[in-house]
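Chemist: Protein chains in written order, with my numbering: chain A, 11 to 308; chain B, 40 to 234; chain C, 4 to 187.
First the structure, which I've put down as structure tokens, then a few questions once you've had a look.
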Amino acid sequence: MSIRNPWLAAAILAAIAAPAAAQQTITKRASVAADATVEVSNVQGIVKITAWDKNEVELVAELESDKDELEFEATPRKVRIEVDRPNSRYGRDQEDANLTVRVPRGARLIVDTVSADVTVADVRGEQDLESVSGSVGTQAYDAPVKAASVSGDVTVTGTGGKGAVKVENVSGTATVTGVLGSLEGEVVSGEIHATIAAAELIDVNSVSGDITVNAELTSTASVDMESVSGTITLKIKPPVNADFDIESFSGDIENCFGQKARDTSKFTPGSELSFTQGNGGARVELQTLSGEIRVCDR
Amino acid sequence: MSTLPFGPRNPPEDPLLAKAAELPKDVMPQRDLWPAIAARIGQAGEPPAKPAFRWPLALAAAFLVASVSALLTWSLLRDPQRASPPVIAEAPTAGADIVPVRYGPNSGISAAEIAARDALLSQFRDALVTLKPETREAIQKNLAVMQAAADEIDAALAKDPASGMLQGMLAGTYKQELSLYSTVVTKRDGLTRRT
Amino acid sequence: MPAPQVESSAELVRRACRGDMGAFEDLYRQHVGRVYGLCLRMTGQPESAEDLAQDTFVSAWRSLPGYEGRSSFSTWLHRIAVNAVLARRRSPQGRNEISMTDDSGEQMDFEAEGRLDEATPIDIERAIASLPPGARDIVVLHGIYGYSHEEAAEMLGVAVGTCKAQLHRARHLMRARMGTEHAT
């Protein structure tokens, strides 16, 4: 696709394709930059990534299937680890490939799995972790984190850093705790449970899943929460200084600020509630078609 | 029209954005890109044809999501009265595992958007065989959830066709459907099959 | 001797559609600055921006018959460029190149190229470069290149409300990073 592909730079070491015998353990190591990018792709099993204080990447791969091929490519800037399961069809290939990886603390991570569970601990660089049916769990520091799974659960635990967090689920549950600054989330039928402090941006939506957010808002925060039929519950840490615009087509709007929703129009269904609490400033927009909206400061 | 009253509270243009507007629009690359472009286009004199190159599978899926979502957003911003005739996508033939979402007569989703979705869907069906049965089941259930949402929104649009909120929700449901197919397709391919 | 006339984009497009590579090269020379400028600011990576600018013109060549003149040629090219940036960003290769929210803005080095006017406020370029991607996109399209919220939302494939929220956030982050107010 592009003329100059950094992956083809002369410094790349030869890819190692290692058709493995059953129950084989393979260990690989490479010296890398402190902020090197580490890409991991696995089909089934686990991907466990932890940080250490060395500028090295260490992989210990335990392969149960003799059909799996392990690829390990390393340059000082990038390490690529992939378990390739040719012609994979579920039902025949139930063996696991378990990857335990240690990376520099500042490494960037890109992880893709089909059904392997992903756990990441103590890595401070940017993370993009996705699985189809595996669970995804990590911590957020100062760099952006994206954690997504179709049917597995997603868990992001904040540590006091301000890295933007993005979670995506279809039917799993996304749980985000103790993060600061920015949260984006999308679910279909799964649920989102989040606590966020010093929130500048909250953008969360669902089709039918319930959304529950406990937030401390900055004075210029922007909050957008939307669900077709799920329940939206927003609890804002007092004092609340925000401008609210809440709209529902057929669901109920409840609040503890003493405000009463009014009909949008005498010609169309729907109710809306617009008011300023405290001095205003933060902007809160909540929308639902048929779900419930609950907003309160306690 | 059930839109929310944002106008009076919008702040005036920010001085920082005014400064951004003064930045130079043109920035020249360090090297001349034309030789590489000419080489990729082909021999001189060959007239432009319809796009013939095939994007790699995963990139095609991702690009499709971006392109289709832009197309859908654009169509939702048009005057609804001038929207192209909506298309109700037919259910797939009997025996198919996955039933894509059918968008109702009030959705405003065009034939082009349905075709884009269906192109991605065929790649998605190929990728399904790599998934565990319980994952396939979860996907089927969630497509049913999206279908229920699309039906509910369509019924609401019948009563309030100009509602920006409802149109936005429908766009969101459509994008969720595409995102689901795209996710499965790109995970199936792994790193080695990408560019 | 009269100065050579610069052909309009419309005439050059007509000629390029008939296979005139010279005409397409002229289009490239007329518009590469705006295309590369947009790619560079959206990615924060000069090398990626060069790749994406190339991809944009290659796609444009192949899509020329579909250009109907409803928008300016420059806008049409920008739509192709934005799609290319977003597609690359979603690809695994592109995820490797995602700009970090670097407070020092070191990933962009306009000064080394020496192509900007001395009076250009470098601070604001760095502030924009250090924004998270969603916020940066809207500042580039709306703030620098002057697209409306609706146009930018359509190009980015997001709702207008999301664009406005990202712009709100971008303004706050930029003010904080340029030291004109304390972050709350």
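We put the CB at the ideal spot given by N, CA and C, even for glycine.
1) Less than 8 Å between the CB atoms is what I'm expecting for M199 of chain C and D140 of chain C, so what's the real figure, rounded?
2) Please return the same chain residues whose Cβ sits closer than 8 Å to the Cβ of S153 of chain C, not counting the five positions on each side in sequence.
3) Excluding the 5 residues flanking T183 of chain A on each side, which residues of the same chain have their C-beta closer than 6 Å to its C-beta?
4) In whole angstroms, give me the CA-to-CA distance for I221 of chain A and N179 of chain A.
5) Taking buried to mean at least 16 other C-beta atoms within 10 Å of its own C-beta, is C42 of chain C buried or exposed?
6) When the Cα atoms are used, what is the spatial distance from E152 of chain B to L170 of chain C?
7) Just to confirm my understanding: we take K247 of chain A, look at its own chain, exclude 5 residues before and 5 after, and list those with CB closer than 6 Å. What are they?
8) What are the uninterrupted segments assigned as beta strand (DSSP E) that are 3 or more residues long and contained completely in the stretch 175-248 of chain A, given in chain order?
9) Looking at the structure shown, is T165 of chain A part of a helix, part of a strand, or coil, going by DSSP?
10) Checking 9 Å against the spacing of the C-beta atoms, do S143 of chain A and T174 of chain B come in under that value?
11) Going by C-alpha to C-alpha distance, which of A:G191, A:E264, A:D262 and A:L283 sits closest to R272 of chain A?
12) Can you tell me whether P114 of chain A is helix, strand or coil according to DSSP?
13) According to DSSP, is G143 of chain B part of a helix, a strand, or is it coil?
14) To the nearest whole angstrom, what separates the beta carbons of A117 of chain A and V93 of chain A, a pair I think is in contact under 8 Å?
15) For chain A, is any of its Cβ atoms less than 9 Å away from the one on G207 of chain B?
16) Taking 9 Å as the CB-CB limit, is G169 of chain C close to chain A?
17) Going along chain C, which residues have a C-beta under 9 Å from A155 of chain B?
18) Assign A101 of chain B to buried or exposed, taking buried as 16 or more other Cβ atoms, counted over all protein chains shown, within 10 Å of its Cβ.
19) Name the chain A residues whose beta carbon is nearer than 7 Å to that of T59 of chain C?
20) Have a look at F27 of chain C and R70 of chain B and give me their C-alpha separation to the nearest angstrom.
21) Please list, in chain order, the chain B residues whose beta carbon lies closer than 7 Å to that of L109 of chain A.
22) Taking only the alpha-carbon atoms, compute the straight-line gap between A43 of chain A and D63 of chain A and give it to the nearest angstrom.
23) Between the alpha carbons of A52 of chain C and G149 of chain C, how many angstroms are there, rounded?
24) Assign R95 of chain A to buried or exposed, taking buried as 16 or more other Cβ atoms, counted over all protein chains shown, within 10 Å of its Cβ.
25) Compare the beta carbon distance of T286 of chain A and D307 of chain A with 9 Å and say whether it is the shorter of the two.
26) Tell me whether the beta-carbon of G55 of chain A lies closer than 9 Å to the beta-carbon of L119 of chain A.
27) What are the partner residues of I36 of chain A, as DSSP defines its beta bridges?
28) Classify E191 of chain B: buried if its beta carbon has 16 or more other beta carbons within 10 angstroms, exposed otherwise.
29) Using CA coordinates, which residue listed in A:E68, A:A61 and A:K77 is at the minimum distance from Q34 of chain A?
30) Less than 8 Å between the CB atoms is what I'm expecting for T205 of chain A and N224 of chain A, so what's the real figure, rounded?
Modeler: Reading from the atomic positions:
1) Not covered by the structure: residue 199 of chain C. The range shown for chain C is 4 to 187.
2) Position 150 of the third sequence, counting from 1, holds the residue named residue 153 of chain C. For the sequence presented, residue 153 of chain C should be read as Glu rather than Ser. Exclusion of the five residues before and after E153 of chain C leaves V163 as the residues of its chain whose Cβ lies within less than 8 Å of its Cβ.
3) Along the first sequence, one-based indexing puts residue 183 of chain A at 173. Leaving aside the five residues that flank T183 of chain A on each side, the residues in its chain whose CB is nearer than 6 Å to its CB run, in chain order, D163, G200 and E201.
4) As a working note, residue 221 of chain A is residue 211 in the first sequence. As a working note, residue 179 of chain A is residue 169 in the first sequence. Approximately 12 Å, taken between the alpha carbons.
5) The sequence position of residue 42 of chain C within the third sequence is 39, counting from 1. In the assembly as shown, C42 of chain C is a buried residue. Its beta-carbon has 16 or more other beta-carbons within 10 Å.
6) For the purposes of this step, residue 152 of chain B is taken as the residue at position 113 of the second sequence. For the purposes of this step, residue 170 of chain C is taken as the residue at position 167 of the third sequence. E152 of chain B and L170 of chain C: Cα-Cα distance of roughly 28 Å.
7) Residue numbering aside, residue 247 of chain A sits at position 237 when the first sequence is read from its first letter. So the qualifying residues of the chain are E226.
8) List check, beta strand (DSSP E) in window: 175-179, 184-197, 202-216, 221-237 and 242-246.
9) On the first sequence, residue 165 of chain A is found 155 positions in, with the first residue counted as 1. If DSSP states are grouped into helix, strand and coil, T165 of chain A belongs with the strands.
10) Taking the first sequence and counting its residues from 1, one reaches residue 143 of chain A at position 133. Taking the second sequence and counting its residues from 1, one reaches residue 174 of chain B at position 135. A distance below 9 Å separates the beta carbons of S143 of chain A and T174 of chain B.
11) Translated into the one-based positions of the first sequence, residue 272 of chain A becomes position 262. Taking only the C-alpha atoms, the option nearest R272 of chain A is A:L283.
12) Counting from 1 along the first sequence, the entry for residue 114 of chain A is found at position 104. Strand, per DSSP.
13) Start at 1 with the first residue of the second sequence, and residue 143 of chain B comes out as number 104. Of the three classes helix, strand and coil, the one that applies to G143 of chain B here is coil, per DSSP.
14) Counted from its first residue, the first sequence places residue 117 of chain A at position 107. Counted from its first residue, the first sequence places residue 93 of chain A at position 83. Actually they are not in contact, since the Cβ atoms of A117 of chain A and V93 of chain A sit about 19 Å apart, beyond 8 Å.
15) Locating residue 207 of chain B in the second sequence gives position 168, where the first residue counts as 1. Under the 9 Å criterion on CB atoms, G207 of chain B is classed as interfacial with respect to chain A.
16) Residue 169 of chain C sits at position 166 when you count from the first residue of the third sequence. Note that residue 169 of chain C is Gln in the sequence shown, not Gly. Taking Cβ atoms only, chain A reaches closer than 9 Å to Q169 of chain C, which makes this a yes.
17) Counting from 1 along the second sequence, the entry for residue 155 of chain B is found at position 116. None at all; the shortest Cβ gap to chain C is about 12 Å.
18) Within the second sequence, numbered from 1, the residue matching residue 101 of chain B stands at position 62. Legend: pLDDT at A101 of chain B = 47, less than 50; position of this residue unreliable, value from coordinates given subsequently. Taking a 10 Å sphere around the C-beta of A101 of chain B, we find 16 or more other C-beta atoms and assign the residue as buried.
19) Start at 1 with the first residue of the third sequence, and residue 59 of chain C comes out as number 56. Those within 7 Å of T59 of chain C in chain A number zero; the least Cβ separation is about 12 Å.
20) As a first step, residue 27 of chain C must be located in the third sequence, where it is residue number 24. As a first step, residue 70 of chain B must be located in the second sequence, where it is residue number 31. C-alpha of F27 of chain C to C-alpha of R70 of chain B: approximately 18 Å in a straight line.
21) Along the first sequence, read from residue 1 onward, the residue named residue 109 of chain A stands at position 99. Within chain B, no residue comes near L109 of chain A; the closest Cβ sits about 13 Å away, beyond 7 Å.
22) Here residue 43 of chain A refers to the residue found at position 33 when the first sequence is read from its first residue. Here residue 63 of chain A refers to the residue found at position 53 when the first sequence is read from its first residue. Roughly 12 Å separates the two Cα atoms.
23) By 1-based counting over the third sequence, the position of residue 52 of chain C is 49. By 1-based counting over the third sequence, the position of residue 149 of chain C is 146. If you draw a straight line from the Cα of A52 of chain C to the Cα of G149 of chain C, it comes to about 20 Å.
24) As a first step, residue 95 of chain A must be located in the first sequence, where it is residue number 85. R95 of chain A should be labelled buried.
25) Position 276 of the first sequence, counted from the start, is the residue given in the question as residue 286 of chain A. Position 297 of the first sequence, counted from the start, is the residue given in the question as residue 307 of chain A. Contact: no.
26) Your numbering for residue 55 of chain A matches position 45 in the first sequence. Your numbering for residue 119 of chain A matches position 109 in the first sequence. No; because the gap between Cβ atoms is not below 9 Å, this pair is not in contact.
27) For the purposes of this step, residue 36 of chain A is taken as residue 26 along the first sequence, with counting starting at 1. DSSP lists A:A71 as partners of I36 of chain A.
28) The count along the second sequence starts at 1 and reaches residue 191 of chain B at position 152. Around the C-beta of E191 of chain B, 16 or more other C-beta atoms lie within 10 Å, and the residue is accordingly described as buried.
29) Taking the first sequence and counting its residues from 1, the one referred to as residue 34 of chain A is at position 24. Ranking A:E68, A:A61 and A:K77 by Cα distance to Q34 of chain A puts A:K77 first.
30) As a working mapping, residue 205 of chain A is identified with position 195 in the first sequence. As a working mapping, residue 224 of chain A is identified with position 214 in the first sequence. Right, the Cβ-Cβ distance comes to about 4 Å (below 8 Å), so this counts as a contact.
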